[in-house]
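Enquirer: This structure is in structure tokens; I'll ask about it shortly.
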Amino acid sequence: MLTKVQIRECLDTFAEMFPDAHCELVHENPFELVIAVALSAQCTDALVNKVTKNLFKKYKKPEDYLAVSLEELQSDIKSIGLYRNKAKNIRSLCETLIEKYNGEVPREHEELTKLAGVGRKTANVVVSVAFGVPAIAVDTHVERVSKRLGICRWKDSVLEVEKTLMRKIPKDEWSQTHHRLIFFGRYHCKAQSPKCDICPLLHLCREGQKRMKKEKKHA
DNA sequence: CTCCCGATAT
DNA sequence: ATATCAGGAG
Numbered sequence: 001m002l003t004k005v006q007i008r009e010c011l012d013t014f015a016e017m018f019p020d021a022h023c024e025l026v027h028e029n030p031f032e033l034v035i036a037v038a039l040s041a042q043c044t045d046a047l048v049n050k051v052t053k054n055l056f057k058k059y060k061k062p063e064d065y066l067a068v069s070l071e072e073l074q075s076d077i078k079s080i081g082l083y084r085n086k087a088k089n090i091r092s093l094c095e096t097l098i099e100k101y102n103g104e105v106p107r108e109h110e111e112l113t114k115l116a117g118v119g120r121k122t123a124n125v126v127v128s129v130a131f132g133v134p135a136i137a138v139d140t141h142v143e144r145v146s147k148r149l150g151i152c153r154w155k156d157s158v159l160e161v162e163k164t165l166m167r168k169i170p171k172d173e174w175s176q177t178h179h180r181l182i183f184f185g186r187y188h189c190k191a192q193s194p195k196c197d198i199c200p201l202l203h204l205c206r207e208g209q210k211r212m213k214k215e216k217k218h219a
């Protein structure tokens with residue numbers, strides 16, 4: 001496990017590598033963000049953006065998603081995968097927004113998680129990106145990077161990872177760090193072929209050092 | 001824990 | 001061919 005000073009070094013390095021990391025899901029309002037994040041489960045941001053480009057032209061309000069057949073909505077998001085669940089969730093989510101929230105996206109985390117297809121991670125993204133509330137959404141990248149670097153433990157659950165990160169990172173840096181962790185994971189510390197050979201944090205990364213040794217043996 | 005699932009990288 | 005992708009629900 002990394003020390004407080006070592007974690008500070010990680011945060012500073014993330015800042016140098018990705019100074020303007022941000023939410024890459026294209027959206028113009030909280031409603032579009034909720035839809036985009038709900039669609040993004042087990043799918044790349046790039047693909048979500050490709051689909052929402054047309055989707056957000058066709059569907060502007062919650063009512064619009066309820067005006068078409070389930071099959072039509074499925075077909076509109078099919079290329080994203082998990083499309084049956086996601087189409088069902090979006091319809092249910094829109095019904096709830098209309099019935100309980102006057103068609104608006106609620107600002108409270110607890111209310112957000114009551115929406116179909118919106119779990120803890122998605123709610124964190126929405127409160128953080130749409131409403132400016134400090135939060136750390138732990139997705140596959142944040143989890144992988146935190147575990148590889150030793151910011152948290154390998155056996156930690158997603159919730160434990162989030163708690164650890166909140167404990168070890170100053171609150172006013174949560175949202176920024178969250179996006180930098182994602183960029184670091186997405187473009188540098190990748191799942192399949194991490195760039196350990198050029199990583200500025202290799203000296204404090206057990207996992208990276210292990211990988212480099214293996215690579216040497218293979219060569 | 002399993003299932004949902006197409007697109008893309010390796 | 002297989003792993004992975006801004007996860008959530010049952």
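Going by the UniProt record's numbering, 12 is the number at position 12 of the first sequence; the sequence numbering is gapless.
Virtual Cβ for every residue (Gly too), placed ideally from N, Cα, C.
Quick check on the DSSP output: what are the complete alpha helix (DSSP H) runs of length 4 or more inside the region 29-69, in order along the chain?
Expert: 30-39, 45-58 and 62-66
Enquirer: How is the alpha helix (DSSP H) around Asn89 delimited, first residue to last?
Expert: Tyr83 to Lys100
Enquirer: Extract the residue ranges of the alpha helix (DSSP H) inside the region 91-158, only unbroken runs of 4 or more that lie entirely within it.
Expert: Restricting attention to alpha helix (DSSP H) runs no shorter than 4 residues, the region 91-158 encloses them at 109-112, 120-131 and 140-149, ordered along the chain.
Enquirer: Inspect the CB distances between the region 179-197 and the region 11-21 and report whether three or more fall short of 8 Å.
Expert: yes
Enquirer: Following the continuous alpha helix (DSSP H) through Ser175, name the residue where it begins and the one where it ends.
Expert: Trp174 to Phe183
Enquirer: Quick one, are the C-beta atoms of Phe56 and Glu24 less than 9 Å apart?
Expert: Contact annotation: Phe56 and Glu24 have beta-carbon atoms that are not nearer than 9 Å.
Enquirer: Quick check on Glu71: buried or exposed, where buried means 16 or more other Cβ atoms within 10 Å of its Cβ?
Expert: exposed
Enquirer: Alpha carbon to alpha carbon, how far is Arg84 from Ser75?
Expert: 9 Å
Enquirer: Just the Cα atoms here: how many angstroms apart are Tyr65 and Lys147?
Expert: If you draw a straight line from the Cα of Tyr65 to the Cα of Lys147, it is about 39 Å long.
Enquirer: Ignore the nearest five residues each way along the sequence and tell me which others in Arg206's own chain have a CB closer than 7 Å to its CB.
Expert: Gly150
Enquirer: May I have the straight-line CA-CA distance separating Glu32 from Asn102, to the nearest angstrom?
Expert: 16 Å
Enquirer: So Val26 packs on Val125, CB below 8 Å; how close in whole Å?
Expert: With a beta-carbon spacing of about 14 Å, Val26 and Val125 fall beyond the 8 Å limit used to define contacts.
Enquirer: Give me the Cβ distance between Gly185 and Val129, rounded to the nearest whole Å; I'm assuming they're in contact under 8 Å.
Expert: Actually they are not in contact, since the Cβ atoms of Gly185 and Val129 sit about 17 Å apart, beyond 8 Å.
Enquirer: In or out: Arg144 buried (at least 16 other Cβ within 10 Å) or exposed?
Expert: buried
Enquirer: Measuring only the C-alpha atoms, how far is Lys216 from Leu11?
Expert: 29 Å
Enquirer: Note the first and the last residue of the continuous alpha helix (DSSP H) segment covering Gln6.
Expert: Lys4 to Met17
Enquirer: Out of Lys210, His188 and Ser193, state which residue places its alpha-carbon closest to the alpha-carbon of Pro200.
Expert: His188
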